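Reading through the structure tokens given below for one structure.
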Amino acid sequence: MSDVPSQAKTIPGLMTDGELSLLCRMARSAQSIAELGTFKGRSLAAMMLTNPKARAWGVDWFGDMSHRGYKGSTEAETRTNLAALGLNPTLIVGTTTEAAADFAETVDLLHIDAGHSYEECSADLANWGPKVKPGGAICVHDYGHARSSVLDRPEVKQAVDDWRSPGWAEVERAGVMIAFRHIIADEGALYVAYGEKARALARESIRSLKSFAPRLPVAVVSDSPLDMADHNIIHVEVDKGARAQKTRMYSLSPFRKTLYLDADTKVLDNPTAGFGLLAYVDAVFAQDAKRSFALVNWPAHDPAEVAATKAELPTEALCYYNSGVIFFRRNERTQALFQGWHQEWKRWQKHDQMAMLRAMMKHPVRIAAMRPPWNTHHRTIAKFVFHNHRQASRAGAPG
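Here is the structure:
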């Protein structure tokens, strides 16, 4: 399913739907957006329609593009295209280098799709990268091999690869669109909390975590700031169960190593051991109380998804994992797994645990599988996390 607002598709553009979808997903957590290379306005419109509250700037010189094999746009044409959709971003006419010198703002999301020479792309990353807020993101178009050799821009890939640094983590790819997250700490905890119940529970969970790890930074994904968060990620609400946000934890986390915790958890011990396990594995999961997928019989599960999952697994005896407490570190394997998790969730948009199991079969990673006492809803035997399941659920959320 596309993440692109249908209205944006009325504007001509060169991106594939998958590339534009990635850009829209990143825009959901951006309160401010700057785009370098606006062309006719399609991608800027898609991001603004995805997140109507975001401030947006578009930078383009609106010059002759015949050297790239297509007709460019004029400022008037682009403004008309955007106005037809009720959009009025700030358009800056000029080269990206000229604009950078006078642009005094900082932004949550920077989209680079302007000059495609090595020198131009390198300059955009150098001049505009520092304008991205801590925890923010950069998306670069035309990275890698395009669907047509005519559209290949190898110098963009070289410029991006030479720019890569420990302060930025690659988080997603689609076609020739690549996304990076600005890292704010080596280790940290991440919550997703929508609705007053979840937000209240998240506060309690953060208190319990901070009692054991007072210096561990905490980031919270929500539709408004949470007072106890060290870093707030203001994200458009996508679904009542917040699974669209949860299954994108890899993309949203501003940490190199992340402890993800559901809002309805209570931490009972120091998380140091969990982070330590990441020296040996890619991710740490606890077995679900049902232990294997064959034993899952929750009536709230979608029968069609259950049947499809059974058909796609090599055996139903596979371990079934709880997704409410996860440690993970960044590498190519975990990136593929978590991006695959979100795509699997989108097939039914209901149950994140089944989606994770299917994603694991397609994108293997090294896992430390913990027994339920490490993370369990049985308070008397809980060792690391007591998980008071479904206490944060809202009306309309999947069971």
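Quick note on the numbering used here: the sequence shown kicks off at 132 and runs consecutively.
Backbone N, C-alpha and C fix where the C-beta goes; we use that ideal spot for every residue, glycine too.
Just so it is clear, the structure is predicted and the values come from calculations on it, not from any experiment.
- Excluding the 5 residues flanking it on each side, A316 has same chain C-beta neighbours closer than 6 Å at P348, F386, in chain order.
- Note on M491: 16 or more other CB atoms within 10 angstroms of its CB, so buried under the neighbour-count rule.
- By the Cβ criterion, the region 479-487 is in contact with the region 373-385, since at least three pairs of Cβ atoms, one from each stretch, lie closer than 8 Å.
- Taking C-alpha positions only, F311 is separated from A360 by approximately 22 Å.
- Setting aside the 5 residues that flank it on each side, F469 is surrounded in the same chain by Y381, each with a C-beta closer than 6 Å to its C-beta; the list follows chain order.
- H276 is classed as exposed because its beta carbon has fewer than 16 other beta carbons within 10 Å across all chains shown.
- If you compare the alpha carbons of M308, D273, D393, E368 with that of Y322, the shortest gap goes to D393.
- Between the beta-carbon of A177 and that of C155 there is about 5 Å, and that keeps the pair under the 8 Å contact cut.
- A check of alpha carbon separations from V367 across P183, G168, G144 identifies P183 as the nearest.
- N401 and A344 have their C-alpha atoms some 6 Å from each other.
- Cβ contact annotation for T227 (same chain, cutoff 6 Å, sequence separation greater than five): L167, V190, A245, D255, in chain order.
- Closest option to E150, judged by alpha-carbon separation, among Q289, P445, K341, Y274: Y274.
- Between the alpha carbons of R497 and D134 lies a distance of about 30 Å.
- No Cβ-Cβ contact shorter than 8 Å links S423 with L444.
- In the three-state scheme derived from DSSP, where H, G and I count as helix and E and B as strand, A499 is classed as strand.
- Counting only runs that start and end inside the region 462-491, there is no beta strand (DSSP E) element of at least 3 residues.
- Between Y391 and I457 the beta-carbon gap is near 5 Å, inside 8 Å, which marks them as a contact.
- Counting C-beta pairs with one atom in each stretch, the region 253-271 and the region 220-235 have three or more that are closer than 8 Å, which means they touch.
- Scanning its chain for C-beta atoms nearer than 7 Å, with the 5 sequence neighbours on each side dropped, one finds around G471 the residues A490, K493, H494, in chain order.
- Counting the other CB atoms within 10 Å of its CB gives P503 a total of 16 or more, which places it among the buried residues.
- Under a 10 Å Cβ-count criterion, M501 is classified as buried, with 16 or more other Cβ atoms of the shown protein chains found around its own Cβ.
- Between G306 and T507, the C-beta gap is not smaller than 8 Å, which leaves the two residues out of contact.
- G144 sits close to S174, with the two beta carbons spaced by under 8 Å.
- The alpha helix (DSSP H) runs lying completely inside the region 394-452 and spanning 4 residues or more are 403-408, 434-443, given in chain order.
- Distance between H247 and K341, taken at the CA atoms: about 46 Å.
- When the beta-carbon positions are compared, M485 and T440 come within less than 8 Å of each other.
- Positions of the beta strand (DSSP E) runs, each at least 3 residues long and wholly inside the region 173-219, are given as 186-191 in order along the chain.
- Per DSSP, K514 lies in no alpha helix (DSSP H) and is assigned neither H nor E.
- For V352 against V516, the beta-carbon gap comes to about 19 Å, at or over 8 Å, which does not count as contact.
- In the three-state DSSP reduction, D358 falls in the coil class, being neither helix nor strand.
- Check the Cα spacing between Q138 and each of L180, L153, A158, G298: the tightest is with L180.
- In the structure shown, K493 adopts helical secondary structure according to DSSP, grouped into three states.
- Take L218, set aside five residues on each side of it, and the residues of its chain with a beta-carbon closer than 7 Å to its own are A176, M179, in chain order.
- Comparing alpha carbon positions, the residue from A232, V224, I269, L216 closest to H242 is I269.
- Each residue's CA atom was taken as its position, placing Q162 and D354 some 11 Å apart.
- A straight-line Cα-Cα distance of about 53 Å links A513 and L216.
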